[in-house]
Structures are given as structure tokens and as C-alpha cells.
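In the numbering used here, the protein residues as written are 3 to 310.
The structure is reproduced here in C-alpha cells:
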């Protein structure tokens, strides 16, 4: 009886889809999503105008901090006088603002709304958001208008009921199996799952992935206007760090350390060679003494035989 009930339930969940749905709904939605992603990437490249090169002063303003950090980390490898000269030069330059892009404004509060670089970054973000929102809105409207309520595909693996709201959007049927996917949910699956296709077609750094732009937009919404970096404060902090950095030259007492490390080995080698020489001399002396005693004994025996 239970087997018959299960078979009837399985038969009741079997849906036979028209092949035209596959040809005119399932595949076209995926193709349109890929084409729109490629179009979005090209539009983003055109709107951004390519990567803008930073000026020499802006690069120097940020990279000079690495110079101070390198002196603090590796200053023990240079003599004390050289370290002191570099330390005094960098601390004075940091305090005077010699490496700032605009030394005249080092005591002024940075306003992000009047900073040209900050405004350019905000405009770049707005352009990318527009290039992402408009195509997504058009595609969702197209799917809702033409393919609302369509069931497109069945997944080949079982799922729990928690996936029902995600896979069957726009199809309000509480008794349908979870593995069936609606047209709107197919759109979201393509939105999440086409990242590898875009990477294969456009490379790693592409603007076709909608989820990346949505994540960036949510971060901008959480913190809409961030304060730009105040390099004058960073330079002052690095100056204080340099002033507090002690110096201990690595080559201090290098002769004593070398002799301590390698002198014992040489001394042991000399002792071993001396012992070997003494042993060989003793062995030679014993052999010579035994040879002389043997020759004396042989001479005595010859004399005795001559007398007889």
C-alpha cells in the first residue's frame, strides 16, 4: 500500500514540459544574460576611460612611508652614523611636509567634497552602478512581462524545502517539488553562476559580473563618503616611529663573534692534528726500537755460532 502511495506521489510530481520552452525561454535567457554581461563590461570600460596614471608627487607622497619603514626594519645593517643621518633627514622631511603632494595644505582639514581625486572616485562608482542597474532592471522587466509563471527546468538532485522560495519565484504552488525552477529564479541562477563564463570570455578583471558590482554598491551605501587619507598625519606618525627606533649595528664585535664561532673548530683541528703527529711519532719510535733490538739479537747469535 505504501509503495503504491509513493508511486502515485511520484507520478503526480511528474511534469512534461514543452520542448519549445527549452528553445524559446531557457536558452534565450541564458544567452541574453551572457550578451548583456559582455555589453556591460564594454560600457564600463568606455565610461571609465581607462586607468588613469597617478602623478609623480602622489606616488612619492605614499611611497616615502615605505622608505621610513625600511629604515626601521633594516637599519641595523648600516653603521650608526649612516643610520643617524638618514633618521634625522627623514624625520625633518616628514615634519616639514617636504614629500607632500601639496605642502601648503598640510595643516588644513581635507574635505572629500572639494578633493578632485575623491570626486573622480565617486563619479567612477556612480557610472559603474548605472551600468549595472539599468541592464538588470531591463532584463527583469523583460522576463516578468513575457515569461512570468513559466517552469523551465528540473534540477537532477534533491533539495530541501528551504530552497523552494529561491527556485520557484513567481510560481505560487506550495505542492510543487523543490527541484523545479521558474523563469525568474533561472535569471537569478544565471546572475550568480555566469562568473566563470565571463572570466573565460573577458578575463579575470572584468565588469560583467553583476554580483561584484552589487557588493561594491552595498559597501558604498554602508559608508557613502569616506575621508581620504591624510598623508601629513601619516608622515608625522612615521616620524615619531623613527625617533623611537633604537639602533644596534650588526657588525659590532664581529671579530670576537667570528673567533668564538669558528675559533674553537680551528683549535680542535690543531689539537687533533698534533695528537695524530704524536701518535705517528710514537709508533715510528716503537718500530725503530723493535728493529734495533732485533738486529742486535741477530748479531749476537751470529757471533756465538762463529766461536763454535
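Virtual Cβ for every residue (Gly too), placed ideally from N, Cα, C.
Looking at residue 210: is its Cβ nearer than 9 Å to the Cβ of residue 196?
Yes, Cβ-Cβ distance for residue 210 and residue 196 is below 9 Å.
Using the rule of at least 16 other Cβ atoms within 10 Å of the residue's Cβ for burial, across every protein chain shown, is residue 166 buried or exposed?
With 16 or more other CB atoms across the displayed protein chains lying within 10 angstroms of its CB, residue 166 is buried.
So what's residue 311 in DSSP terms, helix, strand or just coil?
The question about residue 311 has no answer here: the residues shown for the chain are numbered 3 through 310.
Length at least 4, wholly inside the stretch 156-216: the alpha helix (DSSP H) runs in chain order
Listed in chain order, they are 166-169, 185-195 and 197-204.
Through-space distance from residue 43 to residue 25, alpha-carbon basis
The C-alpha of residue 25 lies about 27 Å from the C-alpha of residue 43.
The alpha helix (DSSP H) with residue 84 in it runs from where to where?
82-98 is the span of the alpha helix (DSSP H), which, as asked, contains residue 84.
Just to confirm my understanding: we take residue 73, look at its own chain, exclude 5 residues before and 5 after, and list those with CB closer than 6 Å. What are they?
A distance below 6 Å between beta-carbons, with the five flanking residues on each side excluded, links residue 73 to the following residues of its chain, in chain order: 88.
For the stretch 90-101 against the stretch 234-250, do three or more pairs of beta-carbon atoms, one drawn from each stretch, fall closer than 8 Å, so that the two count as touching?
Touching, yes, given that three or more Cβ pairs across the two stretches are closer than 8 Å.
For residue 225, count neighbouring C-beta atoms within 10 Å of its own C-beta (all shown protein chains included) and say buried if the count is 16 or more, exposed if not.
Because the pLDDT at residue 225 is just 46, under 50, the model does not fix this residue reliably, and the point stays unresolved.
Can you tell me whether residue 65 is buried or exposed? The criterion is at least 16 other CB atoms within 10 Å of its CB, across all chains shown.
Label assigned to residue 65: exposed.
Residues in its own chain within less than 7 Å of residue 23 by CB, not counting five upstream and five downstream?
Closer than 7 Å at Cβ, skipping near neighbours: 152 and 154.
With residue 180 and residue 193 assumed to form a contact (beta carbons below 8 Å), what rounded beta-carbon distance in angstroms separates them?
Incorrect: roughly 20 Å between the Cβ atoms, too far for contact.
How long is the line joining the alpha carbons of residue 238 and residue 30, rounded to whole angstroms?
Straight-line spacing of the CA atoms in residue 238 and residue 30 works out to 60 Å.
Between the C-alpha atoms of residue 70 and residue 123, what's the straight-line distance to the nearest angstrom?
Whole-angstrom Cα-Cα distance: 29 Å.
Would you say residue 188 and residue 28 are within 9 Å of each other, going by their C-beta atoms?
Contact: yes.
Taking its Cβ as the centre, do 16 or more other Cβ atoms sit within 10 Å of residue 145, making it buried, or is it exposed?
Residue 145 comes out buried.
Excluding the 5 residues preceding and the 5 following residue 41 in the sequence, name in chain order all residues of the same chain whose CB lies nearer than 8 Å to its CB.
The beta carbon of residue 41 sits closer than 8 Å to those of 137, all from its chain and outside the five residues before and after it, given in chain order.
Alpha-carbon to alpha-carbon, residue 201 and residue 241
Approximately 44 Å, taken between the alpha carbons.
Proximity winner among 250, 264, 282 and 259, relative to residue 80 (alpha-carbon distances):
Taking only the C-alpha atoms, the option nearest residue 80 is 250.
Just tell me which of 183, 172 and 140 has its CA closest to the CA of residue 158.
Checked all of 183, 172 and 140; the closest Cα to residue 158 is 183.
What whole-angstrom Cβ distance do residue 141 and residue 34 have, given they're in contact under 8 Å?
About 7 Å; that satisfies the 8 Å criterion.
When you compare only the Cα positions, how much space is there between residue 91 and residue 252?
Looking at the backbone, the Cα of residue 91 and that of residue 252 are separated by about 22 Å.
May I ask you to report which of helix, strand or coil DSSP gives residue 262?
It is helical.
Rounded C-alpha distance that separates residue 134 from residue 78:
Here the C-alpha atom of residue 134 lies approximately 53 Å from the C-alpha atom of residue 78.
Straight-line CA distance for residue 75 to residue 38?
Answer to the nearest angstrom: the Cα atoms are 50 Å apart.
Kindly indicate which three-state DSSP category residue 101 falls into: helix, strand or coil?
It is coil, neither helix nor strand.
Beta-carbon contacts of residue 260 that lie in its chain and below 7 Å, excluding the five residues immediately before and after:
If you ignore the 5 residues before and after residue 260, its C-beta comes within less than 7 Å of no other C-beta in its own chain.
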